[in-house]
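Below is one structure, written out as structure tokens; the observations come after it.
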Amino acid sequence: AVVDTLNRKYGDKEILSLTLHRRLRAKHDTSTIKSTREMLDDFECVCKQLENLGENTNTKEIETDLYEKLPDWMMKDVMTQRAIAEQWSANTLRRAVETLLKIEENSEMIKRLNLANDNTRLSRRNPPNHHVANAAPARHDTRCAFCDDNHRSEECQVAATKPDRTNIAKEKRLCLRCLKPGHSYRFCRSTAKCDNCQNRHHTAICKGRSRHLPQNQAAGQFSAVNTNTQDASTYSSSSKSRPGTMYTAEVKISNAANRNISRTTVAFCDSGSTFSYINAELATSMNLPTVGSINLSLSTFGSTTPLTKKYDVKRLILHLKNGKTLEMDILSTDTVVGPMITAQIPTNWRNYTGSLEPHFAEAEPKILIGADHLDAVIPPANMFPINDTLCIIDSEVGPIVRVAETASDSVAARAITAFAVTQEDWTPNLWDLEAIGITDKPANNVEEVQRIFNETYRKDDTGRAVVSWPFHDLTGIKPDIGLCKKR
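Numbering (my numbering), first residue to last: 5 to 491.
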């Protein structure tokens, strides 16, 4: 009976497969972003284990199982992507869900960053202005039309540029003349004019420099950054941890053969990358000259076979400070890096007399500056702390903000970035991860097990049953002392 039980539990591949498929169909809470992440990570883990059993996971059954788990707030976006996709499958769905969830997680992180210093921001604001009773209500309402806070719309630092303000006004369906809902610009009855140019639009969306904006912040700044939240301005923390690694900056690049062709984009500095990269679409739009090609052998996590890929080498000019330039040979790739949280500050940050408050937003860098060019962009020892959690790197392409890590952002807490787990639920996720990539094919040798059982079965002096089991050499798995100790 003991042998039969062990054999049924561990020796039947089909039973294991059925167990995993039952786990895929199990109900899971997806009421929050965190619980949705847990669901998706568990789903991906089970799919990996099914693939290790030799099963195809790119099937309608897997696709249906994932659809049934998706929360309502994600389903509409998934259906939109499916409608415009040329081809759709379970694998496409899994990638789409991962991308959408990552966007939501980044948005939540931005909100947390922006809310962290609300009390500090409120204490620094000017007291609300008091106006006469017959003043135009569209011009002197103390409730901001963009962020709904208690300040004039012209003074908003959450939406500090005309593009930001115009986009928010369109999203909220506000009139561009009075910033009130319920009607369009054409039917607006307001007679107010812009304080800057005297034209018939609201002062807050004037393309000229607003008298209400700080004089060291030009309109249109940070144009390459796409703000996905309505409140993206400040971050503060009491943590005294060392600075983290948010290396992004808005840079200007030019065609090496024709400097009249220039673009402004977001660059991500990554010392962990051997080479520098540029988005292929951007390189094509700028007609960057191709100066060669290179074959790289890439080894990815969980893969034993390196992937060889050919990259075109493009040449561009990176504009540095004080009129200097840097000629870069850079690899062209379809996607440099996905959307990430960036921190922007004015280029003339040294002239600020008060405290600096970076503008946090989500952007997709089109350039990655790797170790081959990083020393020319970020000279050593060019760091200037501005508070306990923020410091500025005075790089050659402009100021870059570094954000201090909190306890939850530490290296230990990010040990498994794919699962984004909290400390209390490391164990089950670590255990599930170890199952990925380990192919342990159970042997169905019932007769051999029965023979050994019959030959070695005995009872000791206390009457307990004792049996010996054969030693099995797992030659297919490499010895790993660290893994053994952890287990």
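Glycine included, each C-beta is placed from N, C-alpha and C at the ideal position.
Pair within 8 Å by beta-carbon distance, residue i and residue j
i	j	result
residue 285	residue 348	no
residue 288	residue 375	no
residue 158	residue 195	no
residue 372	residue 315	no
residue 252	residue 404	yes
residue 401	residue 260	no
residue 257	residue 322	yes
residue 178	residue 149	yes
residue 320	residue 334	yes
residue 176	residue 185	yes
residue 112	residue 37	yes
residue 470	residue 463	yes
residue 204	residue 181	yes
residue 47	residue 64	no
residue 87	residue 96	no
residue 75	residue 23	no
residue 540	residue 273	The requested residue 540 is not part of the displayed model; the chain covers only 5 to 491.
DSSP-derived helix/strand/coil call for residue i
i	result
residue 173	helix
residue 370	coil
residue 273	strand
residue 162	coil
residue 461	coil
residue 147	strand
residue 47	helix
residue 22	helix
residue 381	helix
residue 342	coil
residue 294	strand
residue 282	strand
residue 471	coil
residue 100	helix
residue 454	helix
residue 348	strand
residue 288	helix
residue 362	coil
residue 330	strand
residue 54	helix
residue 105	helix
residue 312	strand
residue 254	strand
residue 404	strand
residue 195	coil
Local Cβ density within 10 Å of residue i, reported as buried at 16 or more and exposed below that
i	result
residue 201	exposed
residue 50	buried
residue 80	exposed
residue 369	buried
residue 19	exposed
residue 91	exposed
residue 412	Below a pLDDT of 50, predicted positions are generally treated as unreliable, and residue 412, at 38, falls in that range; the measurement from the model is reported next regardless. With fewer than 16 Cβ atoms within 10 Å of its Cβ, residue 412 is classed as exposed.
residue 31	exposed
residue 238	Its pLDDT being 34, under 50, residue 238 is placed unreliably in this model, and the coordinates cannot settle the point.
residue 164	buried
residue 77	exposed
residue 290	buried
residue 295	exposed
residue 83	exposed
residue 313	exposed
residue 66	buried
residue 298	exposed
residue 459	exposed
residue 318	buried
residue 283	buried
residue 57	exposed
residue 34	buried
Whole-number beta carbon distance between residue j and residue i, since they are thought to touch under 8 Å
i	j	result
residue 93	residue 62	5 Å
residue 343	residue 367	7 Å
residue 345	residue 110	6 Å
residue 44	residue 69	The pair is not a contact, with the Cβ atoms about 12 Å apart (cut-off 8 Å).
residue 192	residue 210	Contact doesn't hold; Cβ gap of about 16 Å is too wide.
Heavy atom of the ligand NAD within 7 Å of residue i beta-carbon
i	result
residue 176	Inclusion of the ligand NAD in the displayed structure is not the case, the ligand content being empty and no account of it being possible.
Problem set entry | Segments of 4+ residues assigned as alpha helix (DSSP H) that fall wholly inside the region 67-97 | 76-88
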